[in-house]
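Student: Right, I'll just put the structure down here and ask away after.
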Amino acid sequence: MYKAVIFDFFGVIYSDPANRWFQKHEIKRSGEYADIFKQVDHGFITIEQAFSELERLSGQPSEEIRAVFGQTDMIDHDVVEIIKKLKQNYSLGLLSNASSNYLRKILQDNDLNNLFNDLVISSEVGMIKPNPQIFEIALDNLGVQPSEAIFIDDWPSNVEAAKEVGIHGILFSGSKDLITNLKSLEIKL
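Read in order, the letters of the sequence shown correspond to residues 3 to 191 in this note's numbering.
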């Protein structure tokens with residue numbers, strides 16, 4: 003029986019600003035660009051330092067980069083409604099590879115702080131998904147066993163990592179598919 007649902011943030015609840023920026027400038031999110039975000043997610047550099055690095059690599063003005071990342075209105079409201087329904091019957095966690103200050107500001111600006119029983123932010127714990135230990139932290143914080151949890155993410159490698167820990171993983175592809183997947187698991191919505 004499931005007791006907890008753990009959500010990724012970027013790409014599930016919130017449209018990923020990094021992906022928007024890369025697409026806009028037709029840049030692949032690999033190599034040095036990917037390394038910048040890994041450093042942010044680990045907490046090795048700040049989001050401001052990342053903007054400077056992106057400016058250096060891309061030649062795009064940091065003001066334009068900040069503008070894309072500064073948008074705080076990219077919430078998928080259908081997913082938020084699903085979360086609100088789930089909150090009535092399940093413990094909810096947020097597990098995200100992100101800069102703590104950046105993610106917490108978005109949560110605060112969009113009044114999302116109270117939706118989750120626990121937040122695990124990669125830059126605060128010094129490890130990123132798909133590291134199995136980060137899933138174990140989320141489970142411990144929610145007080146559930148792996149078989150009692152569902153994890154929702156838009157990256158296949160993160161979903162697979164959750165499954166390897168024993169968590170039921172759902173690859174997010176939109177709110178309608180999410181509802182279908184949750185109902186197939188007899189989750190109360």
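For each residue, glycine too, the CB sits at the ideal point set by N, CA and C.
According to the Cβ coordinates, are LEU184 and ILE84 closer than 9 Å?
Tutor: Reading the sequence shown from its first residue, position 182 is the one you call residue 184. Reading the sequence shown from its first residue, position 82 is the one you call residue 84. Their beta carbons are under 9 Å apart, which means LEU184 touches ILE84 by this criterion.
Student: Of the choices ASN116, ALA100 and ASN115, whose alpha-carbon is the least far from that of VAL127?
Tutor: Numbered from 1 along the sequence shown, position 125 holds the residue referred to as residue 127. VAL127 has its Cα closest to that of ALA100, out of ASN116, ALA100 and ASN115.
Student: Just verifying my parser: in three-state terms, what is the DSSP assignment at VAL14?
Tutor: Along the sequence shown, one-based indexing puts residue 14 at 12. Of the three classes helix, strand and coil, the one that applies to VAL14 here is coil, per DSSP.
Student: Thinking C-beta only, is LYS40 closer than 9 Å to ILE108?
Tutor: On the sequence shown, position 106 is the one that residue 108 refers to. On the sequence shown, position 38 is the one that residue 40 refers to. Taking 9 Å as the Cβ cut-off, ILE108 and LYS40 do not qualify as a contacting pair.
Student: Which value, in whole angstroms, describes the spacing of the CA atoms of ASN175 and GLN25?
Tutor: Along the sequence shown, read from residue 1 onward, the residue named residue 175 stands at position 173. Along the sequence shown, read from residue 1 onward, the residue named residue 25 stands at position 23. Inspection of the sequence shows that residue 175 is occupied by Ser rather than by Asn. C-alpha separation (whole angstroms): 18 Å.
Student: For PHE46, does the count of other Cβ atoms within 10 angstroms reach 16, so buried, or fall short, so exposed?
Tutor: On the sequence shown, position 44 is the one that residue 46 refers to. So PHE46 ends up on the exposed side.
Student: Closest by CA to GLU50, which one among PRO148, ARG22, PHE137 and ARG68?
Tutor: The sequence position of residue 50 within the sequence shown is 48, counting from 1. GLU50 has its Cα closest to that of ARG68, out of PRO148, ARG22, PHE137 and ARG68.
Student: GLN73: which of ASN133, VAL7, SER54 and PHE12 sits nearest, CA to CA?
Tutor: As a position in the sequence shown, residue 73 is number 71, starting the count at 1. The shortest C-alpha separation from GLN73 is found at PHE12.
Student: For HIS44, name the three-state secondary structure that DSSP assigns.
Tutor: If you number the sequence shown from 1, residue 44 lands on position 42. DSSP places HIS44 in helix when its eight states are reduced to three.
Student: Could you tell me which residues DSSP puts in a beta bridge with HIS27?
Tutor: What you label residue 27 is simply residue 25 of the sequence shown in a count that begins at 1. Paired residues: none, contrary to the question.
Student: Pop quiz: LEU117 and LEU141 are said to be a contact at Cβ under 8 Å. What is the actual Cβ separation, rounded to whole angstroms?
Tutor: The residue given as residue 117 occupies position 115 in the sequence shown. The residue given as residue 141 occupies position 139 in the sequence shown. Contact flag wrong, Cβ pair sits at about 19 Å.
Student: On a Cα-Cα basis, can you pick out the residue from SER102, PRO63, SER54 and LEU59 that is closest to SER32?
Tutor: Within the sequence shown, the letter at position 30 stands for residue 32. The shortest C-alpha separation from SER32 is found at LEU59.
Student: Based on the DSSP secondary-structure assignment, which residues constitute the bridge partners of ALA151?
Tutor: If you number the sequence shown from 1, residue 151 lands on position 149. Answer by DSSP bridge pairing, in chain order: ALA6.
Student: Secondary structure at ILE67, three-state DSSP: helix, strand or coil?
Tutor: Numbered from its first residue, the sequence shown carries residue 67 at position 65. DSSP places ILE67 in helix when its eight states are reduced to three.
Student: With DSSP as the reference, label LEU187 as helix, strand or coil.
Tutor: To locate residue 187, count along the sequence shown from 1; it is residue 185. If DSSP states are grouped into helix, strand and coil, LEU187 belongs with coil.
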